[in-house]
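Protein chains: 2
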Amino acid sequence: MADSEKQRGSNEKRERILEGALRAFAKKGFYNTRVSEIASEAGVADGTIYLYFKNKDDLLISLFEDRMEWIIARLQTELDAVQGSVIERIKAFVHLHFRLAVEDRDLAEFITVELRQSAKFVKEYKNPKFADYLKILQSLIDQGQNEGIFRTDLDSRLVGRALFGALDEVLLQFTLSRSAPTDVKDEAEQISTMIIDGLIVREHPTMD
Amino acid sequence: MADSEKQRGSNEKRERILEGALRAFAKKGFYNTRVSEIASEAGVADGTIYLYFKNKDDLLISLFEDRMEWIIARLQTELDAVQGSVIERIKAFVHLHFRLAVEDRDLAEFITVELRQSAKFVKEYKNPKFADYLKILQSLIDQGQNEGIFRTDLDSRLVGRALFGALDEVLLQFTLSRSAPTDVKDEAEQISTMIIDGLIVREHPTMD
DNA sequence: AAAAACTGAATGGGCATTCATTCAGCGTCG
DNA sequence: CGACGCTGAATGAATGCCCATTCAGTTTTT
């Protein structure tokens, strides 16, 4: 059989387990989810999970790696497609961040709620994929600063982190309240405006 | 005995237990902390904890209520003492938020890491004290808008939440890395500047 | 001496992980 | 061709550990 097909069946099952874990973790959180619940969500036997993952912690970490990789790839692609200034690209970033959350609520909930815990309490896990995510944001800020569009008295790492925090907190509220996605687009617009233009009233507001 | 003294001895022990729980939760997280560890941190027997709290969940919630109440009271007092415009008061808010975190790292870690989990997974708990905290921030924004200092095309609830998110994420990084508090003051300054003035370069930057 | 506060060993249930067993697919041999 | 192992994925009942919680007994307070 061809090399590329060797793992077909396996990967399908592995993905089913990850999918089941995502739904279960989103619903009840890592610590309140039983391995047997994940198994039943995935339609496999309890023991099967241990053929694909070392243990429950490993399953959590694998889920992060896998989903973050997917998110980063998509973000990269869509950002590269944006024409226009850094400002347009930052707005696109914010909109995409929110759009991804609306597309898969469980994923959004999983990441907003479990990311912090795991960063601290799953031993030996440094969360490199999340760092990559922040790096994308930081490099956008850097670029704006280098082009002379953004003020240079602010640290781009700090700004990137703060912006991520703002988005994350707003999304947390959105996912936990399970509210309608109606105004998410509007919220994205407001947050980018706030960060880029600031709160203060000006004589010459920046135009789109 | 006077009514206010009735609980004197009790309250001392209760506070010792809360303190022990705070240290333990900050170090290992709620789910990885044994009740017996809390007891030993507090210097009481395991069973004593159940004289003051219904169960482990109740201990967590009580800890939130207690500490948030304290934080809010202090915030309120210090904000009321600030002379000057809304801008000064928002800057003061940000600085105080960071200062509190530096003063008690365990408390900061506990709140940044456990708040989200508990909001979702401790059943029946709506976290009213945290809502109060956000309300303070929101009312500052409202005030700025009413005075015509801030733009009114942004929703104050959203702005408040975003600002909290930015602070929280930056503090998370600070507490988890256990880094020196050296530049916290500077970071607070940068974040308030960013939110109030925005990222964009302007001819007439706002002055302090 | 009665009540109240406290203790910590014992209990019991919950749950991650294991592993003996099943079974489907597949090559081999008579 | 069909009977016969062989292999390794999959299963899920059984295991044993881990704690939250209890409560009978002890100490302290009044």
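Residue numbers (my numbering), protein chains in the order written: chain A, 1 to 208; chain B, 1001 to 1208. All residues carry an ideal CB built from backbone N, CA and C; glycine is no exception. Since this is a predicted model, take the numbers as computed values, not measurements.
Item                                                                                                                        : Value
B/A1101 vs B/F1174 beta-carbon contact at 8 Å                                                                               : yes
Distance between A/D66 and A/D3 (C-alpha atoms, nearest Å)                                                                  : Any reading at A/D3 must be qualified, since the residue scores a pLDDT of 31, below 50, and its modelled position is unreliable; the value itself is stated next. Going by the C-alpha atoms only, they are around 22 Å apart.
With 16 other Cβ atoms within 10 Å as the buried cut-off, status of B/M1001                                                 : Here the model assigns B/M1001 a pLDDT of 36, short of 50, so the residue's position is not dependable, and the following value carries that caveat. Exposed, because fewer than 16 other Cβ atoms sit within 10 Å of the Cβ of B/M1001.
Cα-Cα separation between B/R1178 and A/G43, rounded to whole angstroms                                                      : 43 Å
Cross-strand partners of B/I1200 (DSSP beta bridge)                                                                         : A/F150
For B/Q1117 and B/E1041, the rounded distance between their alpha carbons                                                   : 23 Å
Selected residue, minimal CA-CA separation from B/G1148, among B/T1033, B/V1086, B/F1030 and B/N1055                        : B/V1086
Contacting residues, own chain, Cβ-Cβ under 8 Å from B/R1151 (five flanking each side not counted)                          : Q1145
At least 3 beta-carbon pairs within less than 8 Å: the segment 1120 to 1136 of chain B vs the segment 120 to 130 of chain A : no
Option in B/Q1190, B/Y1050, B/G1198 and B/R1016 with minimal Cα separation from A/S192                                      : B/G1198
Cα-Cα separation between A/N55 and A/F164, rounded to whole angstroms                                                       : 31 Å
Stretch pair the segment 179 to 189 of chain A + the segment 91 to 106 of chain A: three plus CB contacts closer than 8 Å   : yes
Under 8 Å by beta carbon: chain A residues contacting B/M1194                                                               : L154, V159, A162, I195 and G198
Three-state secondary structure assigned by DSSP to B/E1029                                                                 : It is worth fixing the name first, because residue 1029 of chain B is Gly in this sequence and not Glu. Coil.
DSSP-derived helix/strand/coil call for B/N1216                                                                             : With chain B covering only 1001 through 1208, there is no way to say anything about residue 1216 of chain B.
Same chain, Cβ closer than 7 Å to B/D1183, neighbours up to 5 away in sequence not counted                                  : none
Presumed contact (8 Å Cβ cut-off) between B/I1141 and B/L1075, rounded CB distance                                          : Not a contact, Cβ separation roughly 15 Å.
Alpha-carbon spacing of B/P1181 relative to B/I1196, whole angstroms                                                        : 24 Å
Cβ-Cβ distance between A/A162 and B/M1194 below 8 Å                                                                         : yes
Continuous alpha helix (DSSP H) assignments of at least 4 residues falling wholly in the segment 87 to 175 of chain A       : 105 to 121 and 128 to 146
Proximity winner among A/D153, A/R14 and A/M68, relative to A/F110 (alpha-carbon distances)                                 : A/M68
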